[in-house]
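To start, the structure under review is shown below, and the notes come after it.
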Amino acid sequence: MSEVYEARLRANSYIWQPYIALVSGDFGLTTNRSRDTGGDGGAASNNLTGTSINGTGSLNVFPQSRFPFTATLSLSDSRSQGSFADSNTQYRRLGLLQNYRPANGSWSASGGYDRSEIAGDFGSDVVDRVLGNYSSSFDKHAISANATFSRSRTSDASTSDFFTSASHSYQYDEELSFSTTGSYVGQNFDTSINGHSATGNAKSMQIFSLANWTPMDSKFRGTASLRYFQTEAATSGGTSDNRIFSGTAGLNYQASRNLNLFGSVGANATNQGGTSLFESAGMTYSGDPLRFGEYDYVWSTSLSASNSSSGTVNSRTVSESANHSLMRNWQISDYSSLNASINQAVSLSQATGLGTTASTSLTHSASLSYSANAGDNLNGYLSGSLTDTRTLGDNATTFQMLNVQLTGQWRIDAYSGMESNLTWQLSRQQADNSETIIITDEFGRPRALNTSTHNQNASISGNLGYHHARFLGVRALRYRLDFRANTAKDYSRRFGNPDAPREGDRATLDLDQHLNYRIGRLDTELQYRIAEIEGARNQLLFFRVSRDFGEF
Numbered sequence: 033m034s035e036v037y038e039a040r041l042r043a044n045s046y047i048w049q050p051y052i053a054l055v056s057g058d059f060g061l062t063t064n065r066s067r068d069t070g071g072d073g074g075a076a077s078n079n080l081t082g083t084s085i086n087g088t089g090s091l092n093v094f095p096q097s098r099f100p101f102t103a104t105l106s107l108s109d110s111r112s113q114g115s116f117a118d119s120n121t122q123y124r125r126l127g128l129l130q131n132y133r134p135a136n137g138s139w140s141a142s143g144g145y146d147r148s149e150i151a152g153d154f155g156s157d158v159v160d161r162v163l164g165n166y167s168s169s170f171d172k173h174a175i176s177a178n179a180t181f182s183r184s185r186t187s188d189a190s191t192s193d194f195f196t197s198a199s200h201s202y203q204y205d206e207e208l209s210f211s212t213t214g215s216y217v218g219q220n221f222d223t224s225i226n227g228h229s230a231t232g233n234a235k236s237m238q239i240f241s242l243a244n245w246t247p248m249d250s251k252f253r254g255t256a257s258l259r260y261f262q263t264e265a266a267t268s269g270g271t272s273d274n275r276i277f278s279g280t281a282g283l284n285y286q287a288s289r290n291l292n293l294f295g296s297v298g299a300n301a302t303n304q305g306g307t308s309l310f311e312s313a314g315m316t317y318s319g320d321p322l323r324f325g326e327y328d329y330v331w332s333t334s335l336s337a338s339n340s341s342s343g344t345v346n347s348r349t350v351s352e353s354a355n356h357s358l359m360r361n362w363q364i365s366d367y368s369s370l371n372a373s374i375n376q377a378v379s380l381s382q383a384t385g386l387g388t389t390a391s392t393s394l395t396h397s398a399s400l401s402y403s404a405n406a407g408d409n410l411n412g413y414l415s416g417s418l419t420d421t422r423t424l425g426d427n428a429t430t431f432q433m434l435n436v437q438l439t440g441q442w443r444i445d446a447y448s449g450m451e452s453n454l455t456w457q458l459s460r461q462q463a464d465n466s467e468t469i470i471i472t473d474e475f476g477r478p479r480a481l482n483t484s485t486h487n488q489n490a491s492i493s494g495n496l497g498y499h500h501a502r503f504l505g506v507r508a509l510r511y512r513l514d515f516r517a518n519t520a521k522d523y524s525r526r527f528g529n530p531d532a533p534r535e536g537d538r539a540t541l542d543l544d545q546h547l548n549y550r551i552g553r554l555d556t557e558l559q560y561r562i563a564e565i566e567g568a569r570n571q572l573l574f575f576r577v578s579r580d581f582g583e584f
């Protein structure tokens, strides 16, 4: 059990005039007394463990000008946040941002610096990030550029990332446009995981140009592109250097409202001296929607063929597919409706040449959704879908997925309401293939991968909330429930995202309840939180009493 004593001071003001500089601060002094409820009650089980300063401060210079500058500094303490941290975990964040736009001209620029530091018994986790942006437009041109450099440091890893990109677009006329994008990404890493260390660097560069031709009074549409891609990597496992130059051109012809014809050609060249050519052509036909009583029926089919040649090796692929859907809508009331659909698709593929294969895929799916829109009181959507895909022939696989989604807001009465954006997904996949392939992980180490799989995964993500401003009929008694879920891994802090939490502190499932009661300037808060962190269940009971003084 921990007892937290906190005093806070809040102030908002300006320097000279409000248009010169705005300043604000929220500073707190926190002390903590810990007690081991399983101890003998002696002096060792009741001691003052520490004092810290926390809060936020901001400075905004020339806030209404063409060149505003903003600086923010925040210090926080896990002991006063209702956190699961057993120790005194401290968070420090510094942000600097400068914007500029000229009095005359259509360009703007900005630059900034971010530093996020988390410190505790685990050591320190520090992320530094420097960023800059530029954008401009003139005549028929538009130019933008941005660059980011970040460095992440923990007790067992150090990573530096650099990213820069620039783009240019040119609208020649209403029918023809050009765009070019270039990017450069570099990374250096030094990690030690489970006694294994890895050091290396990787960088890649890409330039991509695209031309679009969309004549107003023609059934033809065309695109053309050029791409250069280069990647280099050096690790303890060796070095690699790959360069690819490619170009493509495609043409579409809308023969009728239902029939569309298309074709494309392209070429690739690598720094190893390899070249390849490919051509493809095909068609799609979409039938007119049909109506059978209360049901709508749509169908479509497609056929395509491709040829690829590289040196003396040629490969050809022919694919065809067909699908149809039956849909029905029920208008339950003036503000709610129910929609259902069933779908079926079949596709066949035959490849000859190097790696001759033949396969047939059959997909069945069904979905049911309920939507409601009653103005400000109700706006919601509940849906469920089930998909089954089976592939026969070479590389036989089966895949099933169940997806349920709840999204919306519901104002129950004048004091309570709910909001949701929650998705639950269950998938199962099986692939019968005894082939073993060798892949390389992010550290350049070889890994054997058996392509024969049989696995089942369940995931949940999103949030569900409920609030009541007069709980149990008591005036000023406020209740809030939040359920948050994200079972996916998040390593973005390791790669330079200062807004991301530490992976070890992130809750995959989190049920958080708050009960607040305020009388005048006296505010009480009771929090009960249950969360799953790294597979372990954690529970927290947090009680806070605070009183405000002064004018604010």
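Quick note, the working numbering runs 32 ahead of the 1-based positions in the sequence shown.
Even for Gly, the Cβ is constructed at its ideal location relative to N, Cα and C.
Given the structure is predicted, the values throughout are model-derived calculations rather than measurements.
(request) Could you tell me the distance, in whole angstroms, from the CA atom of residue 426 to the CA atom of residue 339? (result) Walking along the sequence shown from the start, residue 426 turns up at place 394. Walking along the sequence shown from the start, residue 339 turns up at place 307. C-alpha separation (whole angstroms): 20 Å.
(message) Looking at the secondary structure, which residues open and close the beta strand (DSSP E) in which residue 362 lies?
(response) Start at 1 with the first residue of the sequence shown, and residue 362 comes out as number 330. Here the beta strand (DSSP E) through residue 362 covers 345 to 363.
(request) Express the C-alpha separation of residue 90 and residue 52 in angstroms, rounding to a whole number. (result) Translated into the one-based positions of the sequence shown, residue 52 becomes position 20. Translated into the one-based positions of the sequence shown, residue 90 becomes position 58. Their backbone Cα atoms lie some 14 Å apart in a straight line.
(message) Taking its Cβ as the centre, do 16 or more other Cβ atoms sit within 10 Å of residue 150, making it buried, or is it exposed?
(response) For the purposes of this step, residue 150 is identified with residue 118 of the sequence shown, where counting begins at 1. Buried, because 16 or more other Cβ atoms sit within 10 Å of the Cβ of residue 150.
(request) Alpha carbon to alpha carbon, how far is residue 40 from residue 75? Give it in angstroms, no decimals. (result) Stepping through the sequence shown from its first residue, residue 75 is reached at position 43. Stepping through the sequence shown from its first residue, residue 40 is reached at position 8. Low per-residue confidence applies at residue 75: pLDDT is 46, beneath 50, and the placement is therefore not dependable, though the value from the model is reported in the following sentence. If I take the Cα positions, the gap works out to 29 Å.
(request) Would you identify the three-state DSSP class for residue 505, choosing helix, strand or coil? (result) Residue 505 sits at position 473 when you count from the first residue of the sequence shown. Residue 505 falls in the helix class under three-state DSSP.
(request) Output the distance between the C-alpha atoms of residue 92 and residue 167, rounded to the nearest integer angstrom. (result) Residue 92 sits at position 60 when you count from the first residue of the sequence shown. Residue 167 sits at position 135 when you count from the first residue of the sequence shown. Rounded to whole angstroms, residue 92 to residue 167 spans 23 Å at the Cα level.
(request) Would you identify the three-state DSSP class for residue 51, choosing helix, strand or coil? (result) Counted from its first residue, the sequence shown places residue 51 at position 19. Of the three classes helix, strand and coil, the one that applies to residue 51 here is coil, per DSSP.
(request) Could you check what DSSP says for residue 552 in three-state terms: helix, strand or coil? (result) Numbered from its first residue, the sequence shown carries residue 552 at position 520. Correct three-state label for residue 552: coil.
(message) So, for residue 44: in the same chain, excluding its five sequence neighbours on each side, which residues have a beta-carbon less than 7 Å away from its beta-carbon?
(response) The residue given as residue 44 occupies position 12 in the sequence shown. Result list for residue 44: 56, in chain order.
(request) Grab me the residues of residue 434's own chain with a C-beta within less than 6 Å of its C-beta, minus the 5 sequence neighbours each way, in chain order. (result) On the sequence shown, residue 434 is found 402 positions in, with the first residue counted as 1. Around residue 434: 418, 458.
(message) Contact between the region 317 to 326 and the region 346 to 355 is defined here as three or more beta-carbon pairs at a separation below 8 Å; is this criterion met?
(response) no
(request) Please state if the CB of residue 375 and the CB of residue 369 are separated by a distance shorter than 8 Å. (result) As a working note, residue 369 is residue 337 in the sequence shown. As a working note, residue 375 is residue 343 in the sequence shown. No, Cβ-Cβ distance for residue 369 and residue 375 is not below 8 Å.
(message) By alpha-carbon positions, which one of 137, 195, 180 ends up nearest to residue 170?
(response) Numbered from its first residue, the sequence shown carries residue 170 at position 138. Measuring from the Cα of residue 170, the nearest candidate turns out to be 137.
(request) Rank 294, 292, 567, 258 by C-alpha distance to the C-alpha of residue 279 and give the top, closest one. (result) Walking along the sequence shown from the start, residue 279 turns up at place 247. When each option's Cα is compared against that of residue 279, the closest is 258.
(message) Taking 7 Å as the cut-off, is the beta-carbon of residue 287 closer than that to any non-hydrogen atom of the ligand ATP?
(response) By its list of ligands, the structure shown contains no ligand whatsoever, and the ligand ATP lies outside what it can speak to.
(message) Using only the alpha-carbon positions, how far apart do residue 42 and residue 123 sit?
(response) As a first step, residue 42 is located in the sequence shown; it is residue number 10 there, counting from the start. As a first step, residue 123 is located in the sequence shown; it is residue number 91 there, counting from the start. Cα-Cα distance, rounded: 19 Å.
(message) Is the beta carbon of residue 319 closer than 8 Å to that of residue 290?
(response) Sequence index remark: in the sequence shown, residue 290 carries index 258 (1-based). Sequence index remark: in the sequence shown, residue 319 carries index 287 (1-based). Contact: yes.
(request) Have a look at the DSSP bridge pairing and note the partners of residue 459. (result) Counting from one through the sequence shown, the residue named residue 459 turns up at place 427. Answer by DSSP bridge pairing, in chain order: 433, 489.
(message) Considering just the uninterrupted stretch of the beta strand (DSSP E) at residue 366, what are its terminal residues?
(response) Reading the sequence shown from its first residue, position 334 is the one you call residue 366. Taken as a continuous stretch (DSSP letters only), residue 366 belongs to no beta strand (DSSP E), as it is neither H nor E.
(request) Mind reading off the beta-carbon distance from residue 316 to residue 292? Whole number of angstroms is fine, and I expect it under 8 Å. (result) What you label residue 316 is simply residue 284 of the sequence shown in a count that begins at 1. What you label residue 292 is simply residue 260 of the sequence shown in a count that begins at 1. Residue 316 to residue 292, Cβ: 5 Å. Contact.
(message) Report the CB separation of residue 380 from residue 392 in whole angstroms; it is logged as a contact under 8 Å.
(response) Locating residue 380 in the sequence shown gives position 348, where the first residue counts as 1. Locating residue 392 in the sequence shown gives position 360, where the first residue counts as 1. At roughly 5 Å, the Cβ-Cβ gap stays under 8 Å, so residue 380 and residue 392 are in contact.
(request) Report the partner residues of residue 130 according to the DSSP bridge assignment. (result) Looking up residue 130 in the sequence shown gives position 98. Per DSSP, 101, 143.
(request) Mark residue 204 as exposed unless 16 or more other C-beta atoms lie within 10 angstroms of its C-beta, in which case mark it buried. (result) Position 172 of the sequence shown, counted from the start, is the residue given in the question as residue 204. Residue 204 is exposed by the Cβ-count criterion.
(message) Cutting at 6 Å between CB atoms, please list the residues of its own chain near residue 223, excluding the five before and the five after it.
(response) Taking the sequence shown and counting its residues from 1, the one referred to as residue 223 is at position 191. Same-chain partners within the cutoff: 189, 230.
(message) What does the alpha-carbon distance come out to for the pair residue 86 and residue 34?
(response) For the purposes of this step, residue 86 is taken as residue 54 along the sequence shown, with counting starting at 1. For the purposes of this step, residue 34 is taken as residue 2 along the sequence shown, with counting starting at 1. Approximately 18 Å between the Cα atoms of the pair.
(message) Helix, strand or coil, according to DSSP, for residue 443 in the structure here?
(response) Within the sequence shown, numbered from 1, the residue matching residue 443 stands at position 411. Strand, per DSSP.
(request) Return helix, strand or coil for residue 539, following the three-state DSSP convention. (result) Taking the first residue of the sequence shown as position 1, residue 539 is located at position 507. Coil at residue 539, not helix or strand.
(message) Using only the alpha-carbon positions, how far apart do residue 513 and residue 131 sit?
(response) Residue mapping note: residue 513 aligns to position 481 of the sequence shown, counting from 1. Residue mapping note: residue 131 aligns to position 99 of the sequence shown, counting from 1. Approximately 39 Å between the Cα atoms of the pair.
(message) I need the straight-line Cα distance from residue 557 to residue 540, nearest angstrom please.
(response) Counting from one through the sequence shown, the residue named residue 557 turns up at place 525. Counting from one through the sequence shown, the residue named residue 540 turns up at place 508. Computed Cα separation, rounded: 25 Å.
(request) From the DSSP output, in three-state form, read off residue 265 for me. (result) Within the sequence shown, numbered from 1, the residue matching residue 265 stands at position 233. DSSP places residue 265 in strand when its eight states are reduced to three.
(request) For residue 475, I'd like the list of residues in its chain whose CB is within less than 7 Å of its CB, leaving aside the five on either flank, ordered along the chain. (result) Start at 1 with the first residue of the sequence shown, and residue 475 comes out as number 443. The pLDDT assigned to residue 475 is 39, lower than 50, so where the model puts this residue is not dependable; a value taken from the coordinates is nonetheless given after this. So the qualifying residues of the chain are 230, 232, 267.
(message) At the level of alpha carbons, what is the spacing between residue 447 and residue 494?
(response) Here residue 447 is taken as the residue at index 415 of the sequence shown, counted from 1. Here residue 494 is taken as the residue at index 462 of the sequence shown, counted from 1. When rounded, the distance between both Cα atoms is 24 Å.
(message) Can you confirm whether residue 309, when its beta carbon is compared against all beta carbons of chain D, has any partner nearer than 8 Å?
(response) Absent here is chain D; the protein component of the structure consists of one chain.
(message) Let's test the definition: count the other Cβ atoms within 10 Å of the Cβ of residue 187 and tell me whether it reaches 16, buried, or not, exposed.
(response) Numbered from its first residue, the sequence shown carries residue 187 at position 155. The residue is exposed, with fewer than 16 neighbouring Cβ atoms inside 10 Å.
(request) Following the continuous beta strand (DSSP E) through residue 575, name the residue where it begins and the one where it ends. (result) Walking along the sequence shown from the start, residue 575 turns up at place 543. Start and end: 568 to 579.
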